[in-house]
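From first to last, the protein sequence lines are chains A and B. Every position in the first sequence, counted from 1, becomes a number in my numbering once 1060 is added. Every position in the second sequence, counted from 1, becomes a number in my numbering once 1060 is added. All residues carry an ideal CB built from backbone N, CA and C; glycine is no exception. Beneath this line is the structure, given in structure tokens, with notes to follow.
Protein chains: 2
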Amino acid sequence: MSVIYQRVALIGLGLIAGSMAHAIRRRGLAGEIVGTARSAETRAIAAEIGLCDRVVGTAAEAVAGADLVVLAVPVGAMESVAAEIGPHLAPDATLTDVGSVKRDVIQAIGPHLPANVHFVPGHPLAGTEHSGPRSGFAELFDNRYTLLTPVDGTDPAATERLRTLWEGCGAIVEEMDPDHHDLVLAVTSHTPHLIAYTMVGVADDLRRVTDSEVIKYSAAGFRDFTRIAASDPTMWRDVFLSNKDATLEILGRFTEELFALQRAIRTGDGDHLYDYFTRTRAIRRGIIEAGQDTDAPNFGRGTHRKEGAE
Amino acid sequence: MSVIYQRVALIGLGLIAGSMAHAIRRRGLAGEIVGTARSAETRAIAAEIGLCDRVVGTAAEAVAGADLVVLAVPVGAMESVAAEIGPHLAPDATLTDVGSVKRDVIQAIGPHLPANVHFVPGHPLAGTEHSGPRSGFAELFDNRYTLLTPVDGTDPAATERLRTLWEGCGAIVEEMDPDHHDLVLAVTSHTPHLIAYTMVGVADDLRRVTDSEVIKYSAAGFRDFTRIAASDPTMWRDVFLSNKDATLEILGRFTEELFALQRAIRTGDGDHLYDYFTRTRAIRRGIIEAGQDTDAPNFGRGTHRKEGAE
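Here it is, written out as structure tokens:
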């Protein structure tokens, strides 16, 4: 593939920006990648492993002369970074972000951008439970969706160019209204994370069952929850605070359904339970058929048939 | 390893019994494996794939002359099977089960057993989301815990012999009080399954977000829930009905914690969220260090670094 942007500036060098650096290099999609991060330690690691062509000390420095700027910091840090870089953005540059929430992020970033910059908010639906500059890898976005949520007045050509970059990184790109994005993600990501954190917290907190027991006997189901409950705490704090409305709406639905199942257990209504548990299998099949998960037992953990890691 | 039982009778030929058959054969732990299942189709498949040495038509027939009988049927079917086989059990035979609940199962089975039979309830903490006679594999129990919950009066020698069989199948065996077992499993298995079913049900039921969107964008977290929510509905209906007290207790704790987090979101209490999300990381580390899960990103789904299956 050919070069799509002459200079890409990555602000924040965690899992997503690091994976973007690897994916952009895999296909030679950028002339140069410049990166920065607030933490000196992160910058030092990024420089040491050669994550970018140049690692610089400030966001203002990083964006100078860049035709694409990617904000890859926690959602709660977007506004201050936008305020810092606003005066330094090159004319006609495209600015995007990778935040998990879109409406709040658009409100936080938008006012700080000069009129001659193209703002194309984005969100790659990919990740792992690992974080930091060493956690990225080029294949993270392959066959995963990246959602772009252009705002009123965004130049369609700028959106198309960013789409080409993401497709070059392996992603399937779709456009979506920001508010609908926040609702969809509240269902597919934010509420599941909150529930997983809660379940792990409950297990950690019980006096009659020790942490050691929870850990030893986790293969019975619990361990599936612990993966997403090990995700970056700062990122997730910011997600819940800034996607408050949609998360609370879905949480309300969740507790309503949970109480109905709880009542079925209490009253011994086996038919209700059986019907509910049957219905949920179809979604799993859909996800596997759509290539968004593996059909191997237990997610194909390890190479279980050979090594017995189950 | 040498033969531990001359004839093992497997009642029910699903994932667990099927995997036991494979694991027993892997090390030659039984002279003969006889199996049966209520469904003629299951019996036909088991016979076709040679799952057992002999597949017979009834449980009464299967247990004749067996020195180990394994009840591997849903918890709600244990009592009727016990009633059927009680009069046909060989003197001095050991009878065990693999039910996910112990107190209720002990109460259901116990009264139907003649005095000259050794009853050693058990529960292998291993499984996948797949079910049926084709789903078993020899390595399912490797490095996984099997809990034995002997009741008052159980001959310690019978328990030891069964322990040796399970260890030969690759399991780590521990003994536990039945009531404590049911509480531990309510935390590590039953409540997580109920919550996963609920979350998938909520997603399936929303009008403003389509199933197709949920499926496409599931990689953002949701898909982890769908695996255990695809487990056998009959098995899980029975688990919740028979481990009612412990499940309701843990569910009560869960909703209490969830409401506290919900309030933190509503009031914008970021510190509460951050502290909670930080605490839950330690449990994940413990599970990985105990060899009960993989540290590979996303459970090592597929071979992501090569094929990009994330």
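Between residue 1303 of chain A and residue 1250 of chain A, the beta carbon gap of about 6 Å places them in contact (Cβ cut-off 8 Å). Per DSSP, the continuous beta strand (DSSP E) segment holding residue 1071 of chain A begins and ends at 1065-1071. A distance below 8 Å between beta-carbons, with the five flanking residues on each side excluded, links residue 1188 of chain B to the following residues of its chain, in chain order: 1075, 1195, 1200.
Residues 1119, 1120 of the same chain have their beta carbon placed closer than 6 Å to that of residue 1144 of chain B, with the five preceding and five following residues left out of the count. Where residue 1120 of chain B is concerned, the enclosing alpha helix (DSSP H) starts and stops at 1119-1123. Below the 7 Å Cβ cutoff, chain A contributes 1281, 1284 as neighbours of residue 1288 of chain B, in chain order. Under the three-state reduction of DSSP, residue 1277 of chain A is assigned to coil, being neither helix nor strand.
Taking C-beta atoms under 8 Å as the contact rule, residue 1095 of chain B and residue 1112 of chain B qualify, at a distance of about 4 Å. For residue 1160 of chain B, the closest C-alpha among the options A:1297, A:1295, A:1277, A:1313 is that of A:1277. Here residue 1221 of chain A is not near residue 1126 of chain A, since their CB atoms are 8 Å or more apart. Distances from the alpha-carbon of residue 1252 of chain A to those of A:1236, A:1326, A:1219, A:1306 put A:1306 closest.
Between the stretch 1225-1235 of chain B and the stretch 1234-1248 of chain A there are fewer than three inter-stretch CB-CB distances shorter than 8 Å, so the stretches are not counted as touching.
Contacts between residue 1311 of chain B and chain A, judged by CB atoms closer than 7 Å, involve 1322 in chain order. Secondary structure of residue 1341 of chain B (DSSP, three-state): helix.
When the five nearest sequence neighbours on each side are left out, the beta carbons in the same chain lying within less than 8 Å of the beta carbon of residue 1107 of chain B are those of 1115, in order along the chain.
Here residue 1235 of chain B carries a strand assignment [DSSP, helix/strand/coil]. The stretch 1265-1282 of chain B and the stretch 1341-1352 of chain A touch, with three or more beta-carbon pairs separated by less than 8 Å. Contacts between residue 1304 of chain B and chain A, judged by CB atoms closer than 9 Å, involve 1325, 1326, 1328 in chain order. Residue 1141 of chain A is positioned such that its CB atom lies no closer than 8 Å to that of residue 1130 of chain A. For residue 1162 of chain B, no chain A residue has a Cβ inside 8 Å of its Cβ, as the nearest lies near 13 Å away. If you check the CB distance, residue 1124 of chain A and residue 1148 of chain A come in under 8 Å. Spanning the alpha carbons of residue 1176 of chain B and residue 1330 of chain A requires a straight line of approximately 35 Å. Between residue 1190 of chain A and chain B, the shortest Cβ-Cβ separation is below 8 Å. Residue 1308 of chain A places its beta carbon 8 Å or farther from that of residue 1065 of chain A. Between residue 1256 of chain A and residue 1289 of chain A, the gap from beta carbon to beta carbon is short of 8 Å. With a minimum length of 3 residues, the unbroken runs of beta strand (DSSP E) contained wholly in the stretch 1201-1247 of chain B fall at 1205-1208, 1232-1235. Between residue 1162 of chain B and residue 1209 of chain B, the beta carbon gap of about 5 Å places them in contact (Cβ cut-off 8 Å). Exclusion of the five residues before and after residue 1181 of chain A leaves 1156, 1157, 1159, 1162, 1165, 1166, 1169, 1208, 1209, 1210, 1211, 1238 as the residues of its chain whose Cβ lies within less than 8 Å of its Cβ.
For residue 1189 of chain B, the three-state secondary structure derived from DSSP is coil.
Looking at the DSSP output, residue 1321 of chain A sits in no beta bridge, so it has no partner there. Distance from the Cα of residue 1351 of chain B is smallest, within the candidate group A:1072, A:1275, A:1284, for A:1275.
Taking one beta carbon from each stretch, the stretch 1280-1296 of chain B and the stretch 1323-1340 of chain A have 3 or more pairs nearer than 8 Å; the two touch. For residue 1252 of chain B, the enclosing alpha helix (DSSP H) has its first and last residue at 1251-1265.
A Cβ-Cβ contact shorter than 8 Å links residue 1193 of chain B with residue 1102 of chain B. When Cβ-Cβ separations below 8 Å define contact, residue 1073 of chain A makes no contact with chain B.
Residue environment analysis places residue 1353 of chain B among the buried positions, since at least 16 neighbouring C-beta atoms fall within 10 angstroms of its C-beta.
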